[in-house]
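Mind the numbering: the sequence shown is residues 501 to 860 in my numbering, read in order. Shown next, in structure tokens, is the structure this report addresses.
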Amino acid sequence: MANPVARIDLDALVHNYQHASEACGCPLFAVVKANAYGHGVLHIIDALREHADGFAVSRVEEALALRSHGIEQRLLVLGGIMQAPEINFAADNSVEVVLHDEKQIGMLESWKGSDKGPLGVWVKIDTGMHRLGFAPAHAKSVLEKIGSNKNLKLVGVLTHFANADDLSRETTRLQLAEFAPFMESAEETSLANSAAILGWPEAHKGWARPGIMLYGASPFINGTAAGDGLKPVMTLRTKLISVHELKQGDAIGYGSIWSCPEDMRVGVAAIGYGDGYPRHAPSGTPVLVNGKRAPLVGRVSMDLITIDLREHPNAAVGDSVVLWGEGLPVEEIAHYADTISYELFFRLTGRIKFRYEQAP
Ligand SMILES: *Cc1c(COP(=O)(O)O)cnc(C)c1O
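Printed below as a string of structure tokens:
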């Protein structure tokens, strides 16, 4: 069989967590939203269970899955709550929630409370991302409302950076300045995502929220995992299922967008956009054949890609093809495919077999 396989190196994950923890010197909510960035959330939380200070997800139902799996650490729901039953669930399971909108405050004001104790809330302050959060001018009254509601416990204030991945931009400093007046307005604070953990020491206050760096991809626009002290967690691999000799001028695949410049060997590997490999990856995107680079040629199909094997005279059917991971940085593939590593991970489909590896 030549099904594509994603090998998940759980030791690399733990290494990356520890690297985040040391880089920032503060407690961490490991961000495991969206199925742990496509890596398989239950395996990821099991591997981090003994290390993580807490976990963060986007939605209440994601937090439910973690509690049902026996996670006892603090859990933070970044997207907050949208419906009344979610409030009860969060309170009954000691899940902390982020408040970012007036509508949520209204819902909480008419909430009857839980006999398991107050609901822990974090208030999100919009310091310049302009996505979620209360404007600084308005945040003070929100904090007062929450402080005076006996069904709630104001746990912390947080904010999120729009451009921490670009060290040359001034916006992170401006956002820090907007946030400064709120540093003492609750017991806890949380500012840093992966990029701020690695690149903005001024943001190392309170709890940090590393996501992408845990999975071993650089958060920076031109960064590399190795340059940031990270180890790739996912290696996506398949096999050559055909190798043949084509003639000069032979066009390859749908649309015949690439033609052989000379008589040459071409390989066909079992992976395509139906598995989540990006369809728009252009000719020239590298893969590793038996550990050595080779360029993709022609269009990516649903189940197959075609590879220029001119530099691989011995490549044969059954040989290993790596799409990204160990030896081939995912950031580089993301660059070719005009996207970011986050999206490449998320887009893998249910056809990919995941194999989890951890040293005993
Ligand atoms: C996703 C997310 C993070 C993690 O971001 P990375 O860039 O993956 O480290 C942190 N905070 C919030 C609010 C998020 O939504």
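We treat Cβ as the ideally placed atom computed from N, Cα and C, and that holds for glycine.
Residue from the options whose Cα sits closest to the Cα of residue i
i, options, result
"threonine 849", "Leu528, Ala534, Trp700, Ile545", "Ala534"
"glycine 716", "Trp707, His835, Thr735", "Thr735"
"valine 797", "Asn814, Arg779, Pro813", "Arg779"
"methionine 629", "Val597, Leu643, Ala664, Val595", "Ala664"
"cysteine 524", "Gly755, Gly699, Arg851", "Gly699"
"leucine 667", "Ile697, Leu652, Glu745", "Ile697"
"aspartate 592", "Trp611, Ile852, Ser820, Asp615", "Asp615"
"proline 636", "Ala506, Leu548, Met683", "Met683"
"glutamate 831", "Leu652, Val787, Ser610, Val657", "Val787"
"proline 795", "Met802, Arg765, Thr839, Ser648", "Arg765"
"alanine 751", "Ile741, Val743, Glu762, Gly540", "Glu762"
"threonine 839", "Leu652, His744, Pro719, Val822", "Pro719"
Status (buried if at least 16 other CB within 10 Å, exposed otherwise) for residue i
i, result
"alanine 859", "exposed"
"glutamine 675", "buried"
"tyrosine 537", "buried"
"alanine 769", "buried"
"alanine 781", "buried"
"tyrosine 754", "exposed"
"proline 681", "exposed"
Start-to-end residues for the alpha helix (DSSP H) that takes in residue i
i, result
"isoleucine 544", "541–548"
"methionine 582", "No alpha helix (DSSP H) holds methionine 582; DSSP gives it neither H nor E."
"glycine 633", "Premise fails: glycine 633 is in no alpha helix (DSSP H) and is neither H nor E."
"isoleucine 771", "No alpha helix (DSSP H) holds isoleucine 771; DSSP gives it neither H nor E."
"phenylalanine 679", "671–679"
"valine 623", "Not the alpha helix (DSSP H): valine 623 falls in the beta strand (DSSP E), residues 619–624."
"glutamate 562", "560–568"
"lysine 603", "602–609"
"phenylalanine 846", "841–846"
Delimiting residues of the beta strand (DSSP E) encompassing residue i
i, result
"arginine 507", "505–509"
"isoleucine 807", "805–808"
Cutoff 6 Å; reference residue i; Cβ partners in own chain excluding five residues on either side
i, result
"glycine 776", "Arg847, Leu848, Thr849"
"alanine 563", "Val557, Leu575, Val577, Val595"
"glutamate 702", "Leu676"
"alanine 708", "Cys524, Cys526, Leu528, Ala692, Ile697"
Neighbourhood of residue i by C-beta, 7 Å cutoff - its chain only, sequence neighbours within 5 removed
i, result
"isoleucine 605", "Leu599, Val642, Lys645"
"alanine 552", "Tyr517, Leu528, Ala530, Gln573"
"alanine 512", "Gly716, Lys731, Pro732, Val733"
"leucine 679", "Residue identity check: residue 679 is phenylalanine in the sequence provided, not leucine. If we look at phenylalanine 679 and ignore the five residues flanking it on each side, its Cβ neighbours are Ile625, Thr627, Thr659, Leu691."
Spatial neighbours of residue i in its chain, beta-carbon cut-off 8 Å, leaving aside the 5 residues before and after
i, result
"alanine 590", "Val560, Ala563, Val577, Ile581, Glu596, Val597, Leu619"
Chain B contact for residue i (CB, 8 Å cutoff)
i, result
"alanine 563", "You won't find chain B in this structure, because it holds only one protein chain."
**Report entry** Any residue whose CB is nearer than 7 Å to a heavy atom belonging to ligand 1, listed in chain order
**Finding:** Val531, Lys533, Ala556, Ser558, Leu578, His660, Asn693, Ser694, Ala695, Arg709, Pro710, Gly711, Ile712, Met713, Pro719, Tyr842
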